[in-house]
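Everything below concerns the one structure shown next.
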Amino acid sequence: MSDLIKQITEAVAAYTPNLVAALAVLVAGWLVAWMAAFVLRKLLERTSIDNKLADWVAGGGKKVPVEIYASRAVYYLLMLFVLAAFLHTLKLTVLTEPLQNMLGSVLNYLPRLLAGGVLGLVAWGLAVIVRRLIAGVLSSAKVDERIGQAAGREGEPPPGLGKPIAEAAYWVVLLVFLPAILGALGIEALVEPVNTMLNKFFGFLPNLVAAGVTLAAGWFVARIVQRLVSSLLASAGADNVGQQWNLSPALGRFKLSEVVGLAAYALILLPVIIAALDELRLDAVTKPASDMLGVLLTKIPVLFGVALILFIAWMVGRVVSALATNLLRGCGFDGVLMKTGLTQKVPEGPMSPSAIAGWLLQIGVMLLAAMAAAETLGFSQVATVMNDFLHFAGQVVLGLLLFGLGLLLAQVVANAISAGGSPKARLLAQVTRWSISVLIGAMALRATGVAESIVNLAFGALVCGLAAAAALAFGLGGRRFAADQLEKWKSEFAKKTSEPKPPSV
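Residues in the sequence shown are numbered from 367 upward in steps of one, following my numbering.
If you want it as structure tokens, here you go:
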């Protein structure tokens with residue numbers, strides 16, 4: 367037992383220097399790591415570079431405690447080395463070899479990480495300089511204000527194109543440095559795809575710039591032409607003409623000169639958009655859109671002709687409607703409904719018969735113009751449908767005219783019969799009025815062409831029913847009279863047959 371205790375004591379005595387040394391290494395290393403993390407944190411708190419980097423990575427709306435994260439990272443990294451030295455001093459090779467291999471890999475990768483970080487800082491610094499330089503140049507040149515003046519936006523805030531352009535240049539500089547940073551970090555799997563992407567991007571960049579320049583130049587020209595056309599028309603009094611023609615409900619909040627200027631703007635901008643799409647050289651995407659705009663551009667003269675037809679028809683319809691309304695009102699057409707007995711007083715305002723007739727006449731003129739416009743556009747089926755509708759509408763109007771004339775005739779005949787003074791004059795007048803109304807109604811329905819066979823059948827059935835009713839009424843109600851009449855006819859016939867015939871010579 368004493369030998370075992372002696373051996374343990376000797377082993378502990380032999381291992382005590384290593385243990386003391388390991389503890390000293392651990393304590394000293396911990397102090398060094400803590401001091402290094404503390405110093406780094408204080409240095410970062412005194413500078414603003416870390417905050418700018420955090421704003422760039424995480425965005426300006428989120429605050430990131432870079433000092434704490436950086437100091438902790440340094441602390442734990444140094445503590446890994448202290449732990450390796452501690453285990454090495456204790457001669458625990460089973461644990462120190464994996465840890466040393468890991469730290470060796472970290473130390474081997476550290477130059478790459480530093481190189482990538484340096485390149486990232488250089489790229490970021492250069493991007494910031496380029497962004498500020500472009501923003502300053504554009505701001506000093508007052509590009510936004512000049513663009514706003516050229517676009518006719520006086521009194522409005524500038525469009526603010528300088529900041530987006532500067533931001534685009536900032537990200538382009540970072541993209542240029544991205545392959546070098548990935549190569550320095552040794553991430554070879556991403557270098558080739560990123561290089562391919564950047565080559566395609568910079569190969570497409572001239573097309574994009576050309577399309578942007580074309581679109582911007584065309585937009586400037588279109589805006590200038592729009593302002594010029596609107597100003598010339600306004601100075602020529604086109605807005606007053608629009609008010610005289612009562613175009614305000616159709617134009618809305620725009621003036622006539624502004625609408626014409628907007629049309630000129632669109633006519634110029636459409637070919638510019640086509641040219642800008644062609645500059646992109648993306649046939650799979652731009653070819654359908656370019657073809658569509660090309661077809662629209664070729665249809666513009668036709669659309670202009672259609673608009674002119676509709677506009678002239680609208681103006682002619684208004685004039686004809688006003689003339690017809692005044693003429694019918696002057697002829698006393700508004701009193702037709704009262705004469706036919708349908709109303710007790712003469713209608714006035716927009717619901718008067720003359721106003722409704724003028725409104726229907728204007729609709730008819732616009733429908734004829736719409737049919738001509740459909741033919742011009744090549745919509746033959748639409749034109750055919752409208753032609754059929756106009757034919758049916760004409761028949762309906764003819765039927766209404768016949769029915770109105772029939773009601774007027776029925777009222778005149780009824781008034782004439784009532785004025786006779788007969789005891790049954792009122793009843794006979796009403797029967798006559800309704801008979802004429804039914805007859806004229808059947809004629810009006812037949813004139814409209816709506817189910818002529820049904821109308822004929824219904825009218826025939828009505829007439830036959832009235833005849834049968836009259837026959838039944840006469841037969842059932844006048845049997846005594848009929849028997850007396852037949853007896854009278856029989857006696858007269860017997861008397862004639864019983865008289866002697868004169869002798870023949």
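In this text, a Cβ means the ideal position worked out from N, Cα and C, and glycines have one as well.
Just so you know, these numbers come straight off a predicted model, no measurement behind them.
Between ASP682 and the rest of its own chain, which residues show a CB-CB distance below 8 Å, the 5 nearest in sequence each way excluded?
For the record, residue 682 in the displayed sequence is Val; it is not Asp. Excluding positions up to five away in sequence, the list reads VAL731.
Does DSSP put VAL404 in a helix, in a strand, or in coil?
It is Phe, not Val, that sits at residue 404 in the sequence shown. Here PHE404 sits in helix by DSSP.
Is the region 722-730 touching the region 772-788, taking contact as three or more C-beta pairs under 8 Å?
Too few Cβ pairs lie closer than 8 Å, so no.
Are the region 685-698 and the region 748-757 touching by the rule of at least three beta carbon pairs closer than 8 Å?
With a cut-off of 8 Å, the region 748-757 and the region 685-698 do not count as touching, because too few Cβ pairs lie within range.
Distance cutoff 7 Å, beta carbons only. Does LYS566 sit that close to anything in chain B?
In summary, chain B is missing from the structure at hand, where a single protein chain is found.
Report yes or no: do the region 536-551 and the region 477-495 share at least 3 C-beta pairs separated by less than 8 Å?
Taking 8 Å as the limit for Cβ pairs, the verdict is that the region 477-495 does touch the region 536-551.
Name the residue from GLY660, ILE495, LEU485 and LEU446 whose alpha carbon lies nearest to the alpha carbon of SER471.
Measuring from the Cα of SER471, the nearest candidate turns out to be LEU446.
With a CB to CB cut of under 7 Å and the five nearest residues on each side skipped, what residues in its chain are close to LEU659?
Once the five neighbours on either side are set aside, the close Cβ partners of LEU659 are LEU636, ILE639 and ILE640.
So, using beta-carbon positions, are SER540 and ALA501 closer together than 7 Å?
Here residue 540 is Leu; the residue named in the question, Ser, does not match the sequence. In this structure, ALA501 does not lie closer than 7 Å to LEU540 by Cβ.
Beta-carbon separation of ALA388 and LEU444 under 7 Å?
Going by C-beta atoms, ALA388 is not nearer than 7 Å to LEU444.
Return helix, strand or coil for PHE452, following the three-state DSSP convention.
Correct three-state label for PHE452: helix.
Between LEU743 and the rest of its own chain, which residues show a CB-CB distance below 7 Å, the 5 nearest in sequence each way excluded?
Only VAL668 and VAL672 meet the Cβ criterion.
Can you look up GLY425 in the DSSP assignment and give me helix, strand or coil?
Per-residue confidence for GLY425 stands at a pLDDT of 47, beneath the threshold of 50, marking its modelled position as unreliable; no derived number is given.
Among residues of its own chain, excluding the 5 on either side of LEU504, which ones have a beta-carbon nearer than 6 Å to its beta-carbon?
So the qualifying residues of the chain are GLY528.
List the endpoints of the continuous alpha helix (DSSP H) containing GLY549.
Looking at the DSSP string, the run of the alpha helix (DSSP H) that includes GLY549 is 528-550.
In the DSSP assignment, find the unbroken alpha helix (DSSP H) run with ALA776 in it and report its ends.
Here the alpha helix (DSSP H) through ALA776 covers 746-784.
Starting from the Cα of VAL778, find the closest Cα among LEU766, THR798 and VAL763 and give me that residue.
Comparing Cα-Cα distances from VAL778 to each of LEU766, THR798 and VAL763, the minimum goes to THR798.
Could you give the C-beta distance for GLY627 and VAL595, rounded to a whole number, given that I count them as a contact under 8 Å?
Yes, GLY627 and VAL595 are in contact; Cβ-Cβ is about 4 Å, under 8 Å.
Rounded to whole angstroms, what's the CA-CA distance from ARG695 to GLY765? Just pull it up for me.
Their Cα atoms are separated by approximately 22 Å.
Does PHE570 come out as helix, strand or coil in the three-state DSSP assignment?
Residue state, collapsed to three classes: helix.
Which residue from SER656, LEU734 and VAL625 puts its Cα closest to that of ILE675?
Among SER656, LEU734 and VAL625, the Cα nearest to that of ILE675 belongs to LEU734.
Here's the rule I'm using: 16 or more other beta-carbon atoms within 10 Å means buried, otherwise exposed. How should GLY698 be labelled?
Exposed is the call here.
Can you find the residues in the same chain that come closer than 6 Å, C-beta to C-beta, to GLY426, ignoring five residues on each side of it along the sequence?
Because the pLDDT at GLY426 is just 49, under 50, the model does not fix this residue reliably, and the point stays unresolved.
Which residue marks the beginning of the alpha helix (DSSP H) containing ALA362, and which one marks its end?
Since the first residue of the chain shown is 367 and the last is 871, residue 362 is not available in this structure.
Which class does SER718 belong to by DSSP, given the choice of helix, strand or coil?
SER718: coil per DSSP, three-state reduction.
By the three-class DSSP mapping on this structure, what secondary structure does ALA507 have?
Residue state, collapsed to three classes: coil.
For GLU411, I'd like the list of residues in its chain whose CB is within less than 8 Å of its CB, leaving aside the five on either flank, ordered along the chain.
The residues are GLU433.
By DSSP, does LYS457 sit in helix, in strand, or in coil?
Three-state DSSP puts LYS457 in coil, outside helix and strand.
Beta-carbon separation of LYS466 and ALA450 under 7 Å?
In the sequence as presented, Lys is not what sits at residue 466; that position holds Gln. Cβ atoms of GLN466 and ALA450: closer than 7 Å.
What does a CB cutoff of less than 6 Å around GLU741 pick up in its chain, not counting 5 residues either side in sequence?
The residues are ALA749.
For TYR475, is the classification buried or exposed, using 16 other Cβ atoms within 10 angstroms of its Cβ as the cut-off for buried?
TYR475 comes out exposed.
Are the beta-carbon atoms of ASP649 and SER623 separated by less than 7 Å?
Not in contact: ASP649 and SER623 (Cβ atoms no closer than 7 Å).
Tell me the rounded alpha-carbon separation between ALA394 and VAL448.
Each residue's alpha carbon lies about 9 Å from the other.
Does the Cβ of GLY724 have 16 or more other Cβ atoms within 10 Å, making it buried, or fewer, making it exposed?
Buried: at least 16 other Cβ atoms inside 10 Å.
Go through its chain and collect everything with a Cβ distance to PHE570's Cβ below 6 Å, but skip five positions before and after it.
Nothing listed; no residue qualifies.
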